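Undergrad: Quick one: the structure is below, and I'll ask about it shortly.
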Amino acid sequence: MFISVVIPTYNRLPILEKCLLALENQKIVSEINQYEVLVIDDGSDDETCTFLEEKTDLFSHVRLLRQNHSGPGAARNKGVMESNGDVIIFIDSDLVVTESFLESHALALKQAWLRRGNRTCFTYGAVVNTSNFVDPTSERFKFSDLSWAYFATGNVAIDKNVLKDSGLFDPAFSLYGWEDLELGERLRQMGTELIRCPKAIGYHWHPALEIDQIPGLVRVEIERAKMAIVFYRKHPTIRVRFIIQFTLFHRLIWELLTLGGLINELSLRPLLRFLIRKGYSAFAMELLRIPLNLINVREIYREAELNRLY
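Okay, structure coming up:
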């Protein structure tokens, strides 16, 4: 098996370095003949490209590809099309993996191929969220780390031909969000089986919440809402409406929890500052998610009205 690890990146050099070092330190036993790591720089304006060009001796498996800033979906497509492997593993550039990561995916895939008699499946590894930049792999698995997504590109492995048959990522998803889950819908319609692979562990680093991050988080929710409507227009089903929160149930829940918007990202700031100061930034982030969800759902309904989807 020849594995190509595809990693889009945009201005994330410090954590990207940890990500690539972990991939260089893989224990390969029997299932993998060769592997490569394709880093697709999505128009970064930090030192990402310069650093990688100067450290080729440190990152012997890495190939650097470049593109103008076009989003992670386009970057992943570029990586797939220029890869040499027969298996593609997608991870994000802020994910630090364990030394058995590649071997675990490879073993689970081979077992599934033998059982099924074909390669129409993919393995989905475990993702542990952490704000510990110094030692991300020290984080313990939490209930909040459970994912119910069918296909998310933070940690999946799939046969390249199966991926190509699905049509790859849709470039219509030009803003943040949903391009991987939309591809997942097409894979699901092809009968592609999800294989859980808990031994393939990645530690997803998020910086601890700070107040000055809030405007950026609001912007992300607005972008996610716009892309949610792109998702729904391609797959106008009840299933997708629930995935993107385009239901009256979700609208009612977030309106009630925020008292109709009275509890919002502005009114919560004093409490958030207090929690952050006391060392409870993770709890502060969970509180902030409540008004962020309302922003997202309201924007989805606004976009739906603009697009005449009622």
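Using this note's numbering, read the sequence shown as starting at 1 and increasing by one per residue. Note that the Cβ used here is the ideal one computed from N, Cα and C, for glycine as well. As the structure is a computational prediction, the values presented were derived from the model and not from experiment.
Report the start-end ranges of each alpha helix (DSSP H) in the stretch 66 to 121 that is 4 residues or longer and not cut off at the edges.
TA: If we require 4 residues or more, the alpha helix (DSSP H) runs fully inside the stretch 66 to 121 come out as 72 to 81, 101 to 116.
Undergrad: Going by DSSP, which residues form a beta bridge with V156?
TA: Mapped onto the sequence shown, residue 156 falls at position 156. Its beta-bridge partners are F90, Y124.
Undergrad: Can you find the residues in the same chain that come closer than 8 Å, C-beta to C-beta, to L292, ignoring five residues on each side of it along the sequence?
TA: In the sequence shown, the residue the question calls residue 292 occupies position 292. The answer, listed in chain order, is L217, V218, E221, E265.
Undergrad: From F90 to F249, what distance separates their C-alpha atoms?
TA: For the purposes of this step, residue 90 is taken as residue 90 along the sequence shown, with counting starting at 1. For the purposes of this step, residue 249 is taken as residue 249 along the sequence shown, with counting starting at 1. Those two C-alpha atoms are separated by around 33 Å.
Undergrad: Using the beta-carbon count (16 or more within 10 Å), is R76 buried or exposed?
TA: As a position in the sequence shown, residue 76 is number 76, starting the count at 1. By the neighbour-count rule (16 or more Cβ atoms within 10 Å), R76 is buried.
Undergrad: E299 by DSSP, collapsed to three states: which one?
TA: Walking along the sequence shown from the start, residue 299 turns up at place 299. Helix at E299.
Undergrad: Identify every run of the alpha helix (DSSP H) within the stretch 189 to 259, keeping only runs that are complete inside it and at least 4 residues long; order them along the chain.
TA: Listed in chain order, they are 214 to 234, 238 to 244, 248 to 257.
Undergrad: For the stretch 92 to 104 against the stretch 140 to 148, are there 3 or more C-beta pairs whose distance is under 8 Å?
TA: No, because fewer than three Cβ pairs between the stretch 92 to 104 and the stretch 140 to 148 fall closer than 8 Å, the two stretches do not touch.
Undergrad: In angstroms with no decimal places, state the Cα-to-Cα distance between L294 and A282.
TA: Locating residue 294 in the sequence shown gives position 294, counting from the first residue. Locating residue 282 in the sequence shown gives position 282, counting from the first residue. Their backbone Cα atoms lie some 19 Å apart in a straight line.
Undergrad: Which residues in the same chain as E223 place their Cβ atom closer than 7 Å to its Cβ, once the five residues preceding and following it in sequence are excluded?
TA: Start at 1 with the first residue of the sequence shown, and residue 223 comes out as number 223. So the qualifying residues of the chain are L175, Y176, G177.
Undergrad: Please list, in chain order, all residues of the same chain as Y10 whose beta carbon is under 6 Å from its beta carbon, the five residues on each side excluded.
TA: Numbered from its first residue, the sequence shown carries residue 10 at position 10. So the list reads D42, S44, once near-sequence residues are dropped.
Undergrad: Taking DSSP as the reference, what is the three-state secondary structure of L146?
TA: Within the sequence shown, residue 146 is the residue found at index 146, counting from 1. Of the three classes helix, strand and coil, the one that applies to L146 here is coil, per DSSP.
Undergrad: Please work out which residues of its chain come closer than 7 Å, Cβ to Cβ, to K234, disregarding the five sequence neighbours upstream and downstream, and give them in chain order.
TA: Within the sequence shown, numbered from 1, the residue matching residue 234 stands at position 234. Excluding residues within five positions, the ones whose Cβ falls inside 7 Å are E182.
Undergrad: Which residue marks the beginning of the beta strand (DSSP E) containing P8, and which one marks its end?
TA: What you label residue 8 is simply residue 8 of the sequence shown in a count that begins at 1. Element bounds for P8: 2 to 9.
Undergrad: Of the choices G79, C49, T56, whose alpha-carbon is the least far from that of V312?
TA: Because the chain spans 1 through 310 in this model, residue 312 falls outside it and cannot be assessed.
Undergrad: Note down the Cα distance separating L311 from E17, rounded to an integer number of angstroms.
TA: There is simply no residue 311 to check, as the chain begins at 1 and stops at 310 in what is shown.
Undergrad: Given this structure, state the Cα-to-Cα distance separating R191 from L262, to the nearest angstrom.
TA: In the sequence shown, the residue the question calls residue 191 occupies position 191. In the sequence shown, the residue the question calls residue 262 occupies position 262. Looking at the sequence shown, residue 191 is not Arg but Gly. About 45 Å.
Undergrad: Check for me: the alpha helix (DSSP H) holding L271 runs from which residue to which?
TA: Numbered from its first residue, the sequence shown carries residue 271 at position 271. Residues 269 to 277.
Undergrad: From the DSSP output, which residues share a beta bridge with V29?
TA: Residue mapping note: residue 29 aligns to position 29 of the sequence shown, counting from 1. DSSP output for V29 lists no bridge partner at all.
Undergrad: So what does E54 bridge to, in DSSP terms?
TA: Here the question's residue 54 lines up with position 54 in the sequence shown. For E54, which the question treats as bridged, DSSP gives no partner whatsoever.
Undergrad: Report the option in P171, H206, K110, N296 whose CA atom is closest to the CA atom of I253.
TA: Against the sequence shown, residue 253 aligns to sequence position 253. Among P171, H206, K110, N296, the Cα nearest to that of I253 belongs to N296.
Undergrad: Between which two residues does the beta strand (DSSP E) harbouring E36 extend?
TA: To locate residue 36, count along the sequence shown from 1; it is residue 36. Start and end: 34 to 42.
Undergrad: What residue does the alpha helix (DSSP H) around I263 start on, and which one ends it?
TA: For the purposes of this step, residue 263 is identified with residue 263 of the sequence shown, where counting begins at 1. Neither: I263 is in no alpha helix (DSSP H) and is coded neither H nor E.
Undergrad: Excluding the 5 residues flanking D92 on each side, which residues of the same chain have their C-beta closer than 6 Å to its C-beta?
TA: Residue numbering aside, residue 92 sits at position 92 when the sequence shown is read from its first letter. So the qualifying residues of the chain are G154.
Undergrad: Over what stretch of residues does the alpha helix (DSSP H) that includes E17 continue unbroken?
TA: Counting from one through the sequence shown, the residue named residue 17 turns up at place 17. Counting along the chain, the alpha helix (DSSP H) containing E17 begins and ends at 13 to 24.
Undergrad: Under the DSSP definition of a beta bridge, which residues are partnered with V62?
TA: The count along the sequence shown starts at 1 and reaches residue 62 at position 62. Paired residues: V37.
Undergrad: How would you call G73, buried or exposed, if buried means at least 16 neighbouring beta carbons within 10 angstroms?
TA: As a working note, residue 73 is residue 73 in the sequence shown. Buried, because 16 or more other Cβ atoms sit within 10 Å of the Cβ of G73.
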